[in-house]
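Participant:
Residue numbers (our numbering), protein chains in the order written: chain A, 2 to 545; chain B, 43 to 263.
(1) Straight-line CA distance for residue 197 of chain A to residue 512 of chain A?
(2) In chain order, what residues of the same chain lie with their CB nearer than 6 angstroms to the CB of residue 372 of chain A, ignoring the 5 residues before and after it?
(3) Give me the chain B residues within the contact set of residue 435 of chain A, using Cβ-Cβ distance strictly less than 7 angstroms, ordered along the chain.
(4) Does the stretch 431-441 of chain A touch the stretch 461-479 of chain A, meaning 3 or more C-beta pairs lie closer than 8 angstroms?
(5) For a cutoff of 8 angstroms on Cβ pairs, would you count residue 245 of chain B as touching chain A?
(6) Report the three-state DSSP secondary structure of residue 233 of chain A (helix, strand or coil).
(7) When the distance is taken between beta carbons, is residue 516 of chain A closer than 8 angstroms to residue 535 of chain A?
(8) Taking Cβ positions only, does residue 52 of chain B come closer than 8 angstroms to chain A?
(9) Whose Cβ in chain B lies nearer than 7 angstroms to the Cβ of residue 526 of chain A?
(10) Give the residues of chain A in contact with residue 74 of chain B, contact being defined as C-beta atoms less than 8 angstroms apart.
(11) What does residue 79 of chain B pair with, by DSSP beta-bridge criteria?
(12) In this structure, does DSSP put residue 233 of chain B in helix, strand or coil?
(13) Between which residues of its own chain and residue 61 of chain A is the CB-CB distance below 8 angstroms, once the five residues before and five after are set aside?
(14) Give every residue of the same chain whose Cβ lies closer than 8 angstroms to the Cβ of residue 175 of chain B, excluding the five residues on either side of it in the sequence, and list them in chain order.
(15) Three-state secondary structure (DSSP) at residue 461 of chain A?
(16) Taking the straight line between their C-alpha atoms, what separation do you get for residue 83 of chain B and residue 58 of chain B?
(17) Return helix, strand or coil for residue 538 of chain A, following the three-state DSSP convention.
(18) Kindly list, in the order they appear in chain C, the residues whose Cβ is closer than 7 angstroms to that of residue 489 of chain A.
(19) In terms of residues, what are the limits of the beta strand (DSSP E) holding residue 490 of chain A?
(20) Would a check of beta-carbon distances place residue 474 of chain A closer than 8 angstroms to chain B?
(21) Where does residue 182 of chain B fall in DSSP's three states?
(22) Considering only the alpha carbon of each residue, which of B/206, B/156, B/161 and B/224 lies closest to residue 69 of chain B?
(23) So, residue 241 of chain B versus residue 234 of chain B, is the Cβ gap smaller than 8 angstroms?
(24) Answer yes or no: do residue 414 of chain A and residue 446 of chain A have a C-beta to C-beta separation smaller than 8 angstroms?
(25) From the DSSP output, in three-state form, read off residue 532 of chain A for me.
(26) What in chain A is Cβ-close to residue 178 of chain B, meaning under 8 angstroms?
(27) Please go through the stretch 84-165 of chain B and give each complete alpha helix (DSSP H) segment of 4 or more residues, from N-terminal end onward.
(28) Heavy atom of the ligand ADP less than 7 angstroms from the Cβ of residue 229 of chain A, yes or no?
(29) Residue 175 of chain B versus chain A: which residues are under 7 angstroms apart at the beta carbon?
(30) In terms of DSSP beta bridges, what is residue 222 of chain B paired with?
(31) Verify the CB distance criterion: does residue 540 of chain A have a CB-CB separation below 8 angstroms to chain B?
(32) Whole-angstrom Cβ separation of residue 211 of chain B and residue 182 of chain B, contact assumed at under 8 angstroms?
(33) So residue 464 of chain A and residue 479 of chain A are supposed to be a Cβ contact under 8 angstroms. How far apart are they, rounded?
(34) Using three-state DSSP, classify residue 497 of chain A as helix, strand or coil.
(35) In the structure shown, what three-state DSSP assignment does residue 173 of chain B receive?
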């Protein structure tokens, strides 16, 4: 058949020949990559599916004939040709509705095999097992990592039944509310259903995880014994009684965690853990605890009130009334609250945008504008122009496509002294000026100190360009809670008050940068007396 | 100093292993000084300096045969009147501090300009200290370690920089000349010089715990 398939002219012939052609079996085995369907022993007519399913779509010239043969070859019709005319449209419809959609979802996880064979396999699964192999289909259920809200179980069910995942989810949730058993079923399904692309499920891996079991036993059994001893000596047997299920639950959770795959671990880490306050940084955690406590207290009060008032119907009335008032308030003021929140968000966004733009302006100033100025000055030196342009291009590309900001002190530096050294080399190389560096102390670089370095670089470049001298001094001192950095030249100097506001250099690139991170910049200069830029940045992390 | 008294020109001895650089220095200093000799390694330098007794020895920190401090150790105890000015391109703090503690009156980098070099030579010849920004930084670093001097046994006079000295050093480290420092702090240039000399004395004589530890950390002492 593969030979025939490769020859377009033979297509028509194939449609007729297949249903009765005994030689098609081996070909179909080769064409279907998924084990669940290929190990099915008795699907004599199924192979017609693969070829027909693609051709029915791609070849509009042969619809009626093709459909007829699909049916003729289908297991449900026992391979007889009699049903061709009678059921042709029904099956064709089913193929398009079920098979087409299913195959789309299937495509992602499958590896190898031509795409159309996947269509075929999916089509086959959906159609065939309806009648015979429910168990096998259950086994072939795969949780889809891309189509899931929690564990992907509903996605898998939806894929198998063809029912939209949203409806499946709604059903699951309703059933879960109606009876808690559904939660348990969901958890079981999660444990027993392999992830797409895997052959084992979490349960089987957990059971086979000898080391994990040993680990759990080694930690939990002594702990359990200890707890039992303590509780029995303290005569609080109920605590000990509760201990058992608690410890078993902990053990199970550890085993599940160890055997969940990476995507699920990431999912649990980023989505589930924060729900319980896993992001444990001081204030956030305290806020969360406070919130949970307040919520629990309110909830408990509410439940207590409800339960107490339940004896007389009249007692429930105030509750109902209160609920109605709250609902009324939400209905009336809801939109207003919403718009308030939206305004707040918009404002915050605008602020972030403005900040972003300022940062971008300083980056562009430090890189592109600087280079353009240099290029203008070395217009008579083509080599230099090319070198500058190339370096700038590289930098710009790194910024646009790799997210590395230009003009920034390279991310390679982790310590202040290293960063200052880098600055020195950069400016010396680009501007032909000697940068004399003196460092006192050293500390690790953080975001603020990188900004300080960027500002220092800008000040140094300024000195290189405007001072008219061939040397500039950089002095940095790390104090317990600030880092001071001075850039000094003995050049022609200027009147700081006379610098127009639109000159980006000092205003934005230096002062703006410092202020953004809580630091400050002072410029001392007078005509003929050189200039000194004094930068000061508070340290975030004090090191001894 | 007798030389400068008679001729008005300080007598200079160059210890430096790079011939090109020796020539450069000689050219830059020109007629303002009298170069009485040169050496390109430690042993020869010790011998020749002992013979010719110059006012100032311009001493490279890194030298074949033991480095600058070997020359200092060989000459200084016998001829304390010979002043040393250490000179190099770029050095690790430990080497510089070692040379200073062995008796050099100052440390400058080779990037220094001709007039500044001459000024430094005159200053050292007059017995003053010469602090380049780099040396000031090193000293601040060395004395900053650990903050206050802890042990009572130590001499606070020697083991700690006064706030004023610290201020002066900081300005020098920022690239200020002595004159600029004086103006900035509203003191006389002479006072600046005395502060700097006092720092140098502390650096050479201090047994300050932090300083020795700082030195030991860098395999000094």
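Here a beta-carbon is modelled for each residue, glycine too, at the ideal position from N, C-alpha and C.
Facilitator: Short version:
(1) 54 angstroms
(2) 389 and 393
(3) One finds 153 in chain B with Cβ atoms closer than 7 angstroms to the Cβ of residue 435 of chain A, taken in chain order.
(4) yes
(5) Judged by the 8 angstroms Cβ criterion, residue 245 of chain B is not in contact with chain A.
(6) In the three-state reduction of the DSSP assignment, residue 233 of chain A falls in the helix class.
(7) no
(8) no
(9) Neighbours of residue 526 of chain A on chain B: none; closest Cβ ~13 angstroms, over 7 angstroms.
(10) By Cβ distance, chain A contributes nothing, its closest Cβ being about 22 angstroms from residue 74 of chain B, past 8 angstroms.
(11) B/55
(12) helix
(13) Here residue 61 of chain A scores only 42 on pLDDT, less than 50, and its place in the model should not be relied on; the value that follows carries that caveat. Around residue 61 of chain A: no qualifying Cβ.
(14) Excluding positions up to five away in sequence, the list reads 214, 215, 216 and 217.
(15) helix
(16) 7 angstroms
(17) Strand at residue 538 of chain A.
(18) The structure shown contains no chain C; its protein chains are A and B.
(19) Its beta strand (DSSP E) spans residues 483-490.
(20) Residue 474 of chain A counts as touching chain B.
(21) helix
(22) Looking at the Cα atoms, B/156 is the closest of the given residues.
(23) It is not a contact, given that the beta carbons lie outside the stated cut-off.
(24) Inclusion of residue 414 of chain A and residue 446 of chain A in the CB contact set at 8 angstroms is warranted, their separation being smaller than that value.
(25) DSSP places residue 532 of chain A in strand when its eight states are reduced to three.
(26) 439
(27) 84-94, 110-117 and 135-143
(28) In terms of ligand content, the structure shown is empty, and the ligand ADP therefore cannot be addressed.
(29) 437, 439, 474 and 476
(30) Paired residue(s): none; residue 222 of chain B is not in a bridge.
(31) no
(32) 5 angstroms
(33) Incorrect: roughly 22 angstroms between the Cβ atoms, too far for contact.
(34) helix
(35) In this structure, residue 173 of chain B counts as strand in the three-state DSSP scheme.
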